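Beneath this line is the structure, given in structure tokens, with notes to follow.
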Amino acid sequence: MIAFSWQGLRTSAIAARLGCHMQTVRERIERFNAEGLVGLGDRPGAGREPRLTEVERGCVIALARSAPPGRPVRDGAGDLVADDQSGPAQWTLDSLTAAARAQGIVIARSQVRRILLTEKVRRRHTRSWSESTDPQFTPKGPKSSASTPTRRPAPR
């Protein structure tokens, strides 16, 4: 635009060559005249600036993917033992929010939920205590056939 205006082309001719509106050409030339090359750059967009940095968002995601401190795991003897008896056994939105705040991240429960939904991170993991140590325990197998209904029909 600026080069065309230096060549002496009118605003309508510049707009026709570039496929934009004449008012856009006028505004850009005025900004160039007032601010120089800096005036041709993009201006900040509308809306609120993100309150959390990408590092803080990454900490929340890493926290949700980690094992909760109160999660029981089997030790060498086969007993369930948790690292921190007072900690949560599984991550909930409240426990994730509290853990993030303990790390110095000022965040609300709704923000944690929004971050996890955006990143498609599951906050609930399979329970380690649902596995049996009984040697005669046999886990449930697949359905006997594809026609077997998954639920019993409701009584009529």
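Numbering (the numbering used here), first residue to last: 1099 to 1254. Backbone N, C-alpha and C define an ideal beta-carbon position, used for all residues, glycine too. In this text, all values refer to a predicted model and were calculated from it rather than measured experimentally.
Ranked by Cα distance from Val-1123, the options Gly-1168, Ala-1111, Ala-1144 are led by Ala-1111.
Within the region 1109 to 1167, the complete alpha helix (DSSP H) segments of 4 residues or longer fall at 1109 to 1116, 1120 to 1133, 1152 to 1163, listed in chain order. In the displayed model, Leu-1178 falls within a strand according to three-state DSSP. When DSSP states are grouped into helix, strand and coil, Val-1204 belongs to the coil group. Rounded to the nearest whole angstrom, the CA to CA distance from Pro-1142 to Lys-1218 is 29 Å. For Pro-1170, the enclosing beta strand (DSSP E) covers residues 1170 to 1172. Across the set Gly-1139, Arg-1108, Ala-1162, the C-alpha of Ala-1162 shows the shortest separation from the C-alpha of Arg-1212.
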